[in-house]
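Here the structure is laid out as structure tokens; the discussion comes afterwards.
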Amino acid sequence: MSPWLHKQRNLLDFTLSSLSRRRGKTLGMMAVYTSIVFVLASVMLFSHAIRREAATVLAKSPEVLVQRMVAGRHDLIPARYLDAIKGVRGVQSAEGRLWGYLFDPAAAANYTLMVPTNPRIEPGKVVIGDGVVRARSADPGDLMSFRAHDGALVQFKVDKTISRDSALVSADLFLVAEEDFRRLFGIAPGLFTDLAISVRNPREVTKIAEKIDAALPDTRIILRDEILRTYESVFDWREGMLLVLLAGSILAFAIFSWEKASGLSAEERREIGILKAVGWETGDVIRLKMLEGMVVSLSAFLIGYLLAYLHVFHFGAGLFEPVLKGWAVLYPKYRLAPFVDELQVATLFFFTVFPYTIATVVPIWRAAIVDPDTVMR
Amino acid sequence: MLFQPAIIALLLASLVGTLMVASSVPFAVRVLRSWDTASGSERQLEMEKRTYLVSTLLVVVLLSELASLILFVFNADRMASLFVGAMCAVGTLNVNDFGFPTLYLKILVFFAAAGWLALNHVDSRGFDYPLVRVKYGALIALAPVLAGAAGVQLAYFLGLRADVIASCCSTLFSGSTQVTSDKLAAVAPEAALAALAAILGLVMLIGRRVLSSGKGGVVYAIASLVAFAVSLEAVVAAISVYVYELPHHHCPFCILKGEYGHVGYALYIPLFAAAALGLAGGIAQPAARIPSLAEAAPRIMRRCVKTSMTGFGLFGAITIWLIWRSHLILIEQSPLHLILSGGQP
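Chains A and B supply the protein sequences, listed in that same order.
Okay, so the first sequence: first residue is 1 according to the UniProt record's numbering, each after it adds one.
Okay, so the second sequence: first residue is 1 according to the UniProt record's numbering, each after it adds one.
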């Protein structure tokens, strides 16, 4: 073993033994440090996991959505717009979508109504999501009735329920046939909620959007990339906000570690004095103390991160859920797919280890420059 | 767009670093004015003690600057999804005029920091603080560089506006936004690879002479900085193209991604380390003239140059390996090949 490595090993050995001699102080420091890492890591893990979930869901959505705008508000779009869009070169397929929201007084919740085209649903039947099942305790074969736009009752028979695996997107879904949808809301045939367009070549998406915009000036065109970007920004923003709010605690932590590092006991001062008397240099003492900080930092980081991982992916992130996730009556029950991101770990490291190290440099230096004769007297 | 975790972390690191270095400047001035090892005055003793604090602080700050260089590139790559037309870090850095200057300044800070740390290391080997004035003079020069890098970085982040769906009802959201391009200017791959081979060969030759004669560290340092620049150009012009196997994709950042096996780290880490150590060798060489460092400085210089040569060698080997395993043929053996097969020369 090279002498350099040998020296580091001995220093580390000494560090560990000196930390274990002050077990109470070390454990107190570790507890505070770990909880700071835990809180910050939970926020980051949760927001990254949910962002990823959104990206996975959106990956299958159509490339372009076209909505008609009347007086600045979203309006029904006539089917003849489809012909104009199909005429644009590069459009693979275009179809009208029917969807909307239905308030159910019995559950005091909003359902998302959709008309799937493949496979079609028979008139009079409905396929419901997991959240609807829970809210109405409905099973296949049960009847559900709603008031249509003209006050008449429309009855549905529950055909199937959607499995919980896709709860994040399907919890409040209520899938019906086209005829039932039009009857419920009084939408005339030939009108759709919006149009979904798929494009063969992803690099042509913006050009096609421009052409549609020129051909149909009263429409609003939404690209999938834009939706993704917006989600990304919103989650970034929420995560950043929470971190800024937590900045106070990081600062408090920095002050705490400063205090802890500067409040040397007489015992420790004597120890440093003796070390210097037997030939240690100031630089060596600083190195020793920095090594102590590193041991504490890395252990606290590892433990805190592991706890946060368990908190988010096994216990549903109970502490921060409401802030990061938003709120709804029919909130999906789901488990996030575990996902650890390198950038996130690096960022977290900057938020915790960096302030700690900076805060302890001055106290460490103060401790290291003591003169041996003054402390041993 | 400041409310982004990685951006907050980067700004925090550069702010703290700048503050720390700036707060050391008055002390540096005092050292330059009234440092006198022969004196036993209280003032001198206090200054000697204080140097330990400044060195430790600077080590921490400069290491964090090095880490933030990596974080910056990593984050730029990740943010590409937020801007129209940006596919990777190049697009993100092109979003406004401060992107690439920030990167260049961060690289400059990296080398300045590495140089200062080398100076500090050499100085700590002498018993009588032989380089203390040089060190603190360098610190005073370092402070504005750090502050400048922090300021440009702040300007870059303040200028970022994600292209997001607005709540107003513009008909086509992305329409008016300027599309950022991922284009980088590059020289011809043949020229870049030839220049790379030439400069790496030159560095090795100079390095061997330095190791045998113990002189020429400064020349080696200059050569290694030139080699660093030529290597980066070669990465843009040819090496990355071989990795992507796409003749028109010249991105120096995408090779860091998982899709390409993070192979960029294998290229950049030896390269940056080699250039920084070469610089350190050049700093250690002149220090050998000082009596108290006459033994230590040449030893440090040799070790730096040796490790630096290993780094450049590793970079060259990885480059050859990447070209060898690639399925892309970028350079045909054209002249000879054509003459042999009897075609038009």
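Note that beta-carbon positions come from the ideal geometry of N, C-alpha and C, so glycine has one too.
For H314 of chain A, the three-state secondary structure derived from DSSP is helix. Sequence-distant partners of E245 of chain B (beyond 5 residues in either direction) whose C-beta falls short of 7 Å from its own C-beta, in its chain, are S326, H327 and L328. For R136 of chain A, no chain B residue has a Cβ inside 9 Å of its Cβ, as the nearest lies near 33 Å away. In the three-state reduction of the DSSP assignment, R68 of chain A falls in the strand class, which pools E and B. According to the DSSP assignment, Q92 of chain A belongs to the beta strand (DSSP E) that extends over V91 to R97. Taking all protein chains shown into account, K86 of chain A has fewer than 16 neighbouring C-beta atoms within 10 Å of its C-beta and is therefore exposed.
Boundaries of the alpha helix (DSSP H) around A138 of chain B: V132 to L158. C-alpha of R80 of chain A to C-alpha of G190 of chain A: approximately 8 Å in a straight line. The closest CA to that of I222 of chain B, considering only B:I318, B:L279 and B:F312, is found on B:L279. For the pair W99 of chain A and I162 of chain A, the Cα-to-Cα distance works out to about 17 Å. Distances from the CA of A31 of chain A to each of A:F349, A:P363, A:L307 and A:V345 were compared; the closest alpha carbon is that of A:L307.
Residue burial is scored here from C-beta neighbours: D123 of chain B has at least 16 other C-beta atoms within 10 angstroms and is therefore classed as buried. Taking 8 Å as the threshold, the shortest C-beta distance from S81 of chain B to chain A falls below it. A direct Cα-Cα distance of roughly 27 Å separates A76 of chain B from L196 of chain B. Taking a Cβ-Cβ threshold of 7 Å, the residues of chain B close to E232 of chain A are S81 and L82, in chain order. Between V133 of chain A and L175 of chain A a beta carbon distance of about 13 Å is seen, past the 8 Å cut, so the two are scored as non-contacting. Nearest CB-CB separation between I286 of chain A and chain B: below the 8 Å threshold. In this structure, DSSP gives G217 of chain B a helical state, which the three-state scheme calls helix. Secondary structure at M20 of chain B: helix, using DSSP grouped into helix, strand and coil. In the DSSP annotation of this structure, the continuous segment of the beta strand (DSSP E) that includes F146 of chain A starts and ends at L143 to R147.
Setting aside the 5 residues that flank it on each side, A155 of chain B is surrounded in the same chain by F98, each with a C-beta closer than 6 Å to its C-beta; the list follows chain order. When only Cα atoms are considered, G264 of chain B and S20 of chain A end up about 42 Å apart. Here DSSP, grouped into helix, strand and coil, assigns P202 of chain A to helix. Contacts with chain A (Cβ-Cβ distance below 7 Å) from the region 52-64 of chain B involve Y52, L53, T56, L57, V60 and S64, listed in chain order. If you keep only unbroken beta strand (DSSP E) runs of at least 3 residues inside the region 209-278 of chain A, you get 219-223. Three or more Cβ pairs closer than 8 Å define a contact, and the region 313-321 of chain A falls short of that threshold against the region 258-268 of chain A. Between G17 of chain B and S64 of chain B, the gap from beta carbon to beta carbon is short of 8 Å. In the structure shown, M309 of chain B adopts helical secondary structure according to DSSP, grouped into three states. Under the three-state reduction of DSSP, H74 of chain A is assigned to strand.
Within the region 9-56 of chain B, no run of alpha helix (DSSP H) reaches 4 residues while sitting entirely inside it. By alpha-carbon distance to D75 of chain A, the top candidate from A:K25, A:D194 and A:A300 is A:D194. Taking 8 Å as the cut-off, the Cβ atoms of V145 of chain B and L211 of chain B do not count as close.
Only those residues of the region 235-251 of chain A whose C-beta falls short of 8 Å from the nearest C-beta of chain B are listed: D236, W237, E239, G240, M241, L243 and V244. Shortest Cα-Cα distance from A106 of chain A to any of A:A135, A:L143 and A:R229 involves A:A135.
Taken through DSSP and simplified to helix, strand or coil, L191 of chain A comes out as strand.
Following the DSSP letters along the chain, one finds Q285 of chain B inside the alpha helix (DSSP H) bounded by residues V263 to A287.
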